[in-house]
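Below is one structure, written out as structure tokens, with a few remarks after it.
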Amino acid sequence: MATYVPPVRQNSPYLPFGDKQDAPFYGKDILSVKQFNRENLEYIFDVAHEMEVMVCRVGSFDLLKGKILANLFYEPSTRTSSSFTAAMERLGGSVIPINEVRYSSVSKGESLPDTVRTLESYADVIVLRHPETGSAALAAKYARKPVINAGDGIGEHPTQALLDLFTIREELGQVDGLTVTMLGDLKYGRTVHSLARLLTLYDVRLNYVSPDILRMPPEIIAEIAATGTPQAEYTGLEAVLPETDVLYVTRVQKERFSDPQEYEQVKDAYVITPETMRMAKERMILMHPLPRVGEISMEVDDDPRAAYFRQMEYGLYTRMALLAAVLGKA
Amino acid sequence: MATYVPPVRQNSPYLPFGDKQDAPFYGKDILSVKQFNRENLEYIFDVAHEMEVMVCRVGSFDLLKGKILANLFYEPSTRTSSSFTAAMERLGGSVIPINEVRYSSVSKGESLPDTVRTLESYADVIVLRHPETGSAALAAKYARKPVINAGDGIGEHPTQALLDLFTIREELGQVDGLTVTMLGDLKYGRTVHSLARLLTLYDVRLNYVSPDILRMPPEIIAEIAATGTPQAEYTGLEAVLPETDVLYVTRVQKERFSDPQEYEQVKDAYVITPETMRMAKERMILMHPLPRVGEISMEVDDDPRAAYFRQMEYGLYTRMALLAAVLGKA
Amino acid sequence: MATYVPPVRQNSPYLPFGDKQDAPFYGKDILSVKQFNRENLEYIFDVAHEMEVMVCRVGSFDLLKGKILANLFYEPSTRTSSSFTAAMERLGGSVIPINEVRYSSVSKGESLPDTVRTLESYADVIVLRHPETGSAALAAKYARKPVINAGDGIGEHPTQALLDLFTIREELGQVDGLTVTMLGDLKYGRTVHSLARLLTLYDVRLNYVSPDILRMPPEIIAEIAATGTPQAEYTGLEAVLPETDVLYVTRVQKERFSDPQEYEQVKDAYVITPETMRMAKERMILMHPLPRVGEISMEVDDDPRAAYFRQMEYGLYTRMALLAAVLGKA
Numbered sequence: 006m007a008t009y010v011p012p013v014r015q016n017s018p019y020l021p022f023g024d025k026q027d028a029p030f031y032g033k034d035i036l037s038v039k040q041f042n043r044e045n046l047e048y049i050f051d052v053a054h055e056m057e058v059m060v061c062r063v064g065s066f067d068l069l070k071g072k073i074l075a076n077l078f079y080e081p082s083t084r085t086s087s088s089f090t091a092a093m094e095r096l097g098g099s100v101i102p103i104n105e106v107r108y109s110s111v112s113k114g115e116s117l118p119d120t121v122r123t124l125e126s127y128a129d130v131i132v133l134r135h136p137e138t139g140s141a142a143l144a145a146k147y148a149r150k151p152v153i154n155a156g157d158g159i160g161e162h163p164t165q166a167l168l169d170l171f172t173i174r175e176e177l178g179q180v181d182g183l184t185v186t187m188l189g190d191l192k193y194g195r196t197v198h199s200l201a202r203l204l205t206l207y208d209v210r211l212n213y214v215s216p217d218i219l220r221m222p223p224e225i226i227a228e229i230a231a232t233g234t235p236q237a238e239y240t241g242l243e244a245v246l247p248e249t250d251v252l253y254v255t256r257v258q259k260e261r262f263s264d265p266q267e268y269e270q271v272k273d274a275y276v277i278t279p280e281t282m283r284m285a286k287e288r289m290i291l292m293h294p295l296p297r298v299g300e301i302s303m304e305v306d307d308d309p310r311a312a313y314f315r316q317m318e319y320g321l322y323t324r325m326a327l328l329a330a331v332l333g334k335a
Numbered sequence: 006m007a008t009y010v011p012p013v014r015q016n017s018p019y020l021p022f023g024d025k026q027d028a029p030f031y032g033k034d035i036l037s038v039k040q041f042n043r044e045n046l047e048y049i050f051d052v053a054h055e056m057e058v059m060v061c062r063v064g065s066f067d068l069l070k071g072k073i074l075a076n077l078f079y080e081p082s083t084r085t086s087s088s089f090t091a092a093m094e095r096l097g098g099s100v101i102p103i104n105e106v107r108y109s110s111v112s113k114g115e116s117l118p119d120t121v122r123t124l125e126s127y128a129d130v131i132v133l134r135h136p137e138t139g140s141a142a143l144a145a146k147y148a149r150k151p152v153i154n155a156g157d158g159i160g161e162h163p164t165q166a167l168l169d170l171f172t173i174r175e176e177l178g179q180v181d182g183l184t185v186t187m188l189g190d191l192k193y194g195r196t197v198h199s200l201a202r203l204l205t206l207y208d209v210r211l212n213y214v215s216p217d218i219l220r221m222p223p224e225i226i227a228e229i230a231a232t233g234t235p236q237a238e239y240t241g242l243e244a245v246l247p248e249t250d251v252l253y254v255t256r257v258q259k260e261r262f263s264d265p266q267e268y269e270q271v272k273d274a275y276v277i278t279p280e281t282m283r284m285a286k287e288r289m290i291l292m293h294p295l296p297r298v299g300e301i302s303m304e305v306d307d308d309p310r311a312a313y314f315r316q317m318e319y320g321l322y323t324r325m326a327l328l329a330a331v332l333g334k335a
Numbered sequence: 006m007a008t009y010v011p012p013v014r015q016n017s018p019y020l021p022f023g024d025k026q027d028a029p030f031y032g033k034d035i036l037s038v039k040q041f042n043r044e045n046l047e048y049i050f051d052v053a054h055e056m057e058v059m060v061c062r063v064g065s066f067d068l069l070k071g072k073i074l075a076n077l078f079y080e081p082s083t084r085t086s087s088s089f090t091a092a093m094e095r096l097g098g099s100v101i102p103i104n105e106v107r108y109s110s111v112s113k114g115e116s117l118p119d120t121v122r123t124l125e126s127y128a129d130v131i132v133l134r135h136p137e138t139g140s141a142a143l144a145a146k147y148a149r150k151p152v153i154n155a156g157d158g159i160g161e162h163p164t165q166a167l168l169d170l171f172t173i174r175e176e177l178g179q180v181d182g183l184t185v186t187m188l189g190d191l192k193y194g195r196t197v198h199s200l201a202r203l204l205t206l207y208d209v210r211l212n213y214v215s216p217d218i219l220r221m222p223p224e225i226i227a228e229i230a231a232t233g234t235p236q237a238e239y240t241g242l243e244a245v246l247p248e249t250d251v252l253y254v255t256r257v258q259k260e261r262f263s264d265p266q267e268y269e270q271v272k273d274a275y276v277i278t279p280e281t282m283r284m285a286k287e288r289m290i291l292m293h294p295l296p297r298v299g300e301i302s303m304e305v306d307d308d309p310r311a312a313y314f315r316q317m318e319y320g321l322y323t324r325m326a327l328l329a330a331v332l333g334k335a
């Protein structure tokens, strides 16, 4: 029997070429907001701010020229998918769009680890959206290339939380000292859970305003409490709006209510109108992860405090920063 | 209450950089053929001709490098979608392909204005295909970036009409003095309606050949008549074919007839065969917006007068011209 | 009647610009493994090896900058589609992704020749996946631009066979002198049929191991026999594994068996586990076209002889080589 002579290489064919290998997130996965502390958050936000400046000046530039993103969406999310696509393209990179997973052989019984190991043969970084919690961690366990979690079920959606925080920083200049009020469905909204966790890294005050059946889950409240961040729950917005610096609105879905009458009773209390905004500070911002379906009246859109469309732009810069960081080019 | 200090900027982050801001279509939407007069049509066609020359010489070039097109298709149209994608790519730009709208959160209740305002956060120009008439105008009303209508229901499909006219100009050298015969379903074909409107800007003669139940609508005929353009209706092609310079064929769909026998009676009269072409001028062109399903026999394809595949190429150049124009690079 | 003056040009607008017009595959279609002899196989593999070296060094490069691939998939195949997309992007080219054919007007009655002639108006090369045998040849007959067959039903999937052979060459240094054992469903697997055909160009020994109802078809065996290549059939792996240099595993699908009990009896005999690998040579490789659904235990993945994920990478290099070759840039 012949002595085994190993093939030329076992590892990635894409040897790093000019990558900053000592950069904080080089080669890392972005799976959870729990990976972030104040220091590396500031690093990402500084890079995101540079991205903003560059996009304002030149639109696009070739920082990631020649790099390829596999944009792997097991469930459709036009907003997130488009945002990552644009982020890669504005950095001069290319995208493999994979949106048809439901019809594909990939979905016909192939395991997520196999799919991911196939795609990393072609690409330099993988963005994954998947309906099952823990999918991103599973993918990252098997992948040699960086995996960015673009939402895994009721699990995490870390890039959303990062862009929310970046929006606050850019719009209001700083995060310390702010009062952030979260409104709507605080029970099922993974967006507000992740954002609340991230905000505990700063010196903020949190208010939760929701119908009784959609209150912030006790385990999140306990987690926040353990950090010493002051928090308080309300059922109405009136009491806290005048002192609010950031009003973060989420959708109250009819399907969450077993009793339709109960829904009818509360729904209007959680719709933001020009009248609502009259009670708000002059210098504050109104945020929403979008899509909205009536939670904020379109009449509010022209209010300079309405930051939800600018929030989408900040999402672009945040994702540009993350892609550049994990690929060693930040 | 603190004095309100506005965020750094309210408007688009993509400041024009080297754009020709005084160019005729810079920053404009392309919504309807009604926007065009003879002068700005000639401007677009001159640019389209330059595009043709450049593509023939070098295939692609970097006029729109760094620019991003959001290709937003609410209904599938492989031909139009591919044409805009290729146009952007041959100009060195990038594309965000959005074809899965039906499954996406975008379609789950989000309004078109919100979707468009999200996408313009990522892209520089939006191409929109939508099944509802007026969608493109609605999108353009809310968007700060240029919107190009790629068909909105039975409304308009202006880039199709422009490429049809450009095809005539390129193939026959000029439009003035030509006799254009439209054949087939003239009632429901938005293509022929738009083309007829555009042709009134030139000195042409229009013939309409159709089954009785698929005649050109009276309101279009009235509109054309008001411009002084001579027009005439026929049920058979024989009378007008010998004097026709452009024969524009559209599909007669069986579904339009309530009586199947009526369909059987007329359908063969509207199929172009080599025999038909024997009665046509030596110097004329045969056009079709495609897809064809039997209206033109495949045996005609090798006839040099069969211009329908070249028409697709002219579509590429026309869309390159429009993208360059609205982005200030024409 | 006016003398006919032909339009400016009848042919492709994309005049070759700096193309190596005397290169072996310039402007050619890639339809079948039957096009290949040992000489032009070696040419493609030498180019593929150069691609591997370049990707290792620089990731991507601009060999096909400005060229456009129409990636036309009438049935979904994420793996093949992504592989061609990445191949084009790593060469600096662009892609028109066309995955939604089922919903599109393209599928509503338009003939394949018309679709292909439309797409070649936009693109420089067409990759076609289609469920019907002979589709690629039909498309190539009408297209003026190169067509690459990415699988047409139970017909051919030549790029898969080429990448399989390239994998063997790269992993084991040469093909001559090897014993190649094919395992599993050898009746319906077009992959093993094409690979067996290609291997007859080399000095190899072929073993076929399968359940009785999934044996290699007699016509393939006859075809191989005519080349003088030694071959032998088995129902169990034990006898041939110790002398095997390449073990090529394919999936045994339950649906192929009319009697479920028969399936239950044989299925475990065709699953590769660490125990199986203990009987294999130290220097050999285990291949699989993927997706796998249990035919190879995940515990085998870390065995250095498990080559199936590297096989995906070799697929990328092979497709880069083919694209460069047909576009005259190899």
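Protein chains in written order, with this note's numbering: chain A, 6 to 335; chain B, 6 to 335; chain C, 6 to 335. No residue lacks a Cβ here, since even glycine has one placed at the ideal position from N, Cα and C.
Checklist entry - Could you give the distance in angstroms between the alpha-carbon of leucine 295 (chain C) and the alpha-carbon of leucine 177 (chain C)? => result Here residue 295 (chain C) refers to the residue found at position 290 of the third sequence. Here residue 177 (chain C) refers to the residue found at position 172 of the third sequence. Looking at the two C-alpha atoms, the distance is approximately 20 Å.
Item to check | Three-way DSSP call (helix, strand, coil) for glycine 139 (chain A) in this model | outcome: Reading the first sequence from its first residue, position 134 is the one you call residue 139 (chain A). It is coil, neither helix nor strand.
Item to check | isoleucine 153 (chain A), enclosing beta strand (DSSP E) - first and last residue | outcome: As a working note, residue 153 (chain A) is residue 148 in the first sequence. That run of the beta strand (DSSP E) goes 152–157.
Checklist entry - Thinking C-alpha only, which one of C:Ser65, C:Met292 and C:Leu124 is nearest aspartate 308 (chain C)? => result Taking the third sequence and counting its residues from 1, one reaches residue 308 (chain C) at position 303. Of C:Ser65, C:Met292 and C:Leu124, the residue nearest in Cα terms is C:Met292.
Next on the checklist: Cβ closer than 9 Å: which chain B residues qualify as neighbours of aspartate 208 (chain C)?
Outcome noted: Residue mapping note: residue 208 (chain C) aligns to position 203 of the third sequence, counting from 1. Going along chain B, no residue has its Cβ under 9 Å from aspartate 208 (chain C), so there is no contact; the nearest lies around 43 Å.
Item to check | Cβ pair count under 8 Å reaching 3, the region 155–175 of chain A against the region 300–317 of chain A | outcome: yes
Next on the checklist: Give me the DSSP bridge partner(s) of proline 102 (chain C).
Outcome noted: Counting from 1 along the third sequence, the entry for residue 102 (chain C) is found at position 97. Answer is C:Asn76.
Next on the checklist: To test your reading of the DSSP string, which unbroken beta strand (DSSP E) runs of 3 or more residues are found completely within the region 285–335 of chain A?
Outcome noted: You should have 290–292.
Next on the checklist: Could you compute how far the alpha carbon of lysine 33 (chain A) sits from the alpha carbon of proline 151 (chain A)?
Outcome noted: Residue 33 (chain A) sits at position 28 when you count from the first residue of the first sequence. Residue 151 (chain A) sits at position 146 when you count from the first residue of the first sequence. Straight-line Cα distance between these residues: approximately 5 Å.
Next on the checklist: I'd like to know whether the C-beta of glutamate 94 (chain C) is nearer than 9 Å to at least one C-beta of chain B.
Outcome noted: For the purposes of this step, residue 94 (chain C) is taken as the residue at position 89 of the third sequence. Using a Cβ-Cβ cut-off of 9 Å, glutamate 94 (chain C) does not count as an interface residue toward chain B, since no Cβ of chain B sits closer than that to its own.
Checklist entry - Which residues, in chain order, does the region 152–174 of chain A contribute to contact with chain E at a C-beta distance below 9 Å? => result The chain inventory of the structure shown lacks chain E, comprising the protein chains A, B and C.
Next on the checklist: Using only CA atoms, which one of B:Arg202, B:Glu260, B:Thr90 and B:Gly299 lies nearest to alanine 274 (chain B)?
Outcome noted: As a first step, residue 274 (chain B) is located in the second sequence; it is residue number 269 there, counting from the start. Taking only the C-alpha atoms, the option nearest alanine 274 (chain B) is B:Gly299.
Checklist entry - Quick one: Cα of glycine 233 (chain B) to Cα of lysine 192 (chain B), how far? => result In the second sequence, the residue the question calls residue 233 (chain B) occupies position 228. In the second sequence, the residue the question calls residue 192 (chain B) occupies position 187. The straight-line gap from Cα to Cα measures roughly 21 Å.
Next on the checklist: So, at 7 Å on beta carbons, what are the nonlocal neighbours of aspartate 338 (chain C) in its own chain, with the 5 sequence-adjacent residues on each side left out?
Outcome noted: With chain C covering only 6 through 335, there is no way to say anything about residue 338 (chain C).
Checklist entry - When we look at the beta-carbon of glutamate 243 (chain C) and count the other beta-carbons within 10 Å, is it buried (16 or more) or exposed? => result In the third sequence, counting from the first residue as 1, residue 243 (chain C) sits at position 238. Its Cβ having fewer than 16 others within 10 Å, glutamate 243 (chain C) is exposed.
Checklist entry - On the premise that leucine 168 (chain A) lies in contact with threonine 323 (chain A), defined as a C-beta separation below 8 Å, what is that separation, rounded to the nearest angstrom? => result For the purposes of this step, residue 323 (chain A) is taken as the residue at position 318 of the first sequence. For the purposes of this step, residue 168 (chain A) is taken as the residue at position 163 of the first sequence. Beta-carbon to beta-carbon, threonine 323 (chain A) and leucine 168 (chain A) are separated by about 4 Å, close enough to satisfy the 8 Å threshold.
Next on the checklist: Quick check on the DSSP output: the beta strand (DSSP E) that includes valine 271 (chain C) runs from which residue to which?
Outcome noted: Counting from 1 along the third sequence, the entry for residue 271 (chain C) is found at position 266. No beta strand (DSSP E) holds valine 271 (chain C); the alpha helix (DSSP H) holding it covers 265–272.
Next on the checklist: I'd like the span of the beta strand (DSSP E) that includes valine 343 (chain A), first residue to last.
Outcome noted: The structure shown has nothing for residue 343 (chain A), since chain A only spans 6 to 335.
Next on the checklist: Using the three-state DSSP reduction, which class does asparagine 212 (chain C) fall into: helix, strand or coil?
Outcome noted: Within the third sequence, the letter at position 207 stands for residue 212 (chain C). Note: asparagine 212 (chain C) maps to strand in three-state DSSP.
Checklist entry - Alpha carbon to alpha carbon, what distance is there between glutamine 270 (chain B) and glutamate 224 (chain C)? => result Along the third sequence, one-based indexing puts residue 224 (chain C) at 219. Along the second sequence, one-based indexing puts residue 270 (chain B) at 265. The straight-line gap from Cα to Cα measures roughly 50 Å.
Item to check | Distance between beta carbons of methionine 221 (chain A) and glutamate 248 (chain A), contact taken as under 8 Å | outcome: Position 243 of the first sequence, counted from the start, is the residue given in the question as residue 248 (chain A). Position 216 of the first sequence, counted from the start, is the residue given in the question as residue 221 (chain A). Not a contact, Cβ separation roughly 19 Å.
Next on the checklist: Taking a contact to mean a Cβ-Cβ separation below 9 Å, would you say proline 216 (chain A) touches threonine 240 (chain A) in this structure?
Outcome noted: Looking up residue 216 (chain A) in the first sequence gives position 211. Looking up residue 240 (chain A) in the first sequence gives position 235. Yes.
Item to check | Residues of the region 51–82 of chain C with Cβ closer than 8 Å to any Cβ of chain A, in chain order | outcome: Cβ contacts with chain A come from Glu57, Val60, Cys61, Arg62, Val63, Gly64, Ser65, Phe66, Pro81 and Ser82.
Item to check | Residue environment, methionine 284 (chain A), which counts as buried when at least 16 other CB atoms sit within 10 Å | outcome: Taking the first residue of the first sequence as position 1, residue 284 (chain A) is located at position 279. So methionine 284 (chain A) counts as exposed.
Item to check | Endpoints, the alpha helix (DSSP H) within which leucine 117 (chain A) is located | outcome: Indexing the first sequence from 1 puts residue 117 (chain A) at position 112. Run containing leucine 117 (chain A): 117–124, per the alpha helix (DSSP H) assignment.
Checklist entry - List, in order along the chain, the chain C residues whose C-beta lies closer than 7 Å to that of valine 103 (chain A)? => result Position 98 of the first sequence, counting from 1, holds the residue named residue 103 (chain A). Position check: residue 103 (chain A) holds isoleucine in this sequence, whereas valine was assumed. Under the 7 Å cutoff, chain C gives Thr83 and Ser87.
Item to check | Where leucine 183 (chain A) sits in the DSSP three-state scheme | outcome: As a working note, residue 183 (chain A) is residue 178 in the first sequence. Coil at leucine 183 (chain A), not helix or strand.
Next on the checklist: If contact is defined by three or more beta carbon pairs under 8 Å, each pair taking one atom from either stretch, is the region 128–141 of chain A in contact with the region 77–91 of chain A?
Outcome noted: yes
Checklist entry - In whole angstroms, what separates the C-alpha of phenylalanine 41 (chain B) from that of histidine 198 (chain B)? => result Within the second sequence, residue 41 (chain B) is the residue found at index 36, counting from 1. Within the second sequence, residue 198 (chain B) is the residue found at index 193, counting from 1. The alpha-carbon atoms of phenylalanine 41 (chain B) and histidine 198 (chain B) are separated by roughly 15 Å.
Next on the checklist: So, for leucine 200 (chain A): in the same chain, excluding its five sequence neighbours on each side, which residues have a beta-carbon less than 6 Å away from its beta-carbon?
Outcome noted: As a first step, residue 200 (chain A) is located in the first sequence; it is residue number 195 there, counting from the start. The residues are Ala166 and Asp169.
Checklist entry - Skipping 5 residues on each side, what residues in its chain have a beta carbon closer than 7 Å to that of alanine 91 (chain C)? => result In the third sequence, the residue the question calls residue 91 (chain C) occupies position 86. The answer, listed in chain order, is Leu321.
Checklist entry - In three-state terms, what does DSSP make of alanine 5 (chain B)? => result Nothing in the structure corresponds to residue 5 (chain B), since chain B is present only between 6 and 335.
Checklist entry - Whose C-alpha, out of C:Val100, C:Ser99, C:Thr123 and C:Glu94, is nearest the C-alpha of arginine 297 (chain B)? => result Numbered from 1 along the second sequence, position 292 holds the residue referred to as residue 297 (chain B). Of C:Val100, C:Ser99, C:Thr123 and C:Glu94, the residue nearest in Cα terms is C:Thr123.
Checklist entry - Would you report the Cα separation of valine 10 (chain B) and glutamate 287 (chain A), rounded to the nearest angstrom? => result Along the second sequence, read from residue 1 onward, the residue named residue 10 (chain B) stands at position 5. Along the first sequence, read from residue 1 onward, the residue named residue 287 (chain A) stands at position 282. Residue placement at valine 10 (chain B) is flagged as unreliable, the pLDDT there being 40, under the threshold of 50; the coordinate-derived value follows with that caveat. Rounded to whole angstroms, valine 10 (chain B) to glutamate 287 (chain A) spans 8 Å at the Cα level.
Checklist entry - Which class does glutamine 258 (chain A) belong to by DSSP, given the choice of helix, strand or coil? => result Position 253 of the first sequence, counted from the first residue, corresponds to residue 258 (chain A). Looking at glutamine 258 (chain A) - three-state DSSP - the assignment turns out to be coil, as it is neither helix nor strand.
Checklist entry - Thinking just about the alpha-carbon of each residue, which of A:His162, A:Phe66 and A:Asp67 is nearest to the one in lysine 39 (chain A)? => result Stepping through the first sequence from its first residue, residue 39 (chain A) is reached at position 34. Ranking A:His162, A:Phe66 and A:Asp67 by Cα distance to lysine 39 (chain A) puts A:His162 first.
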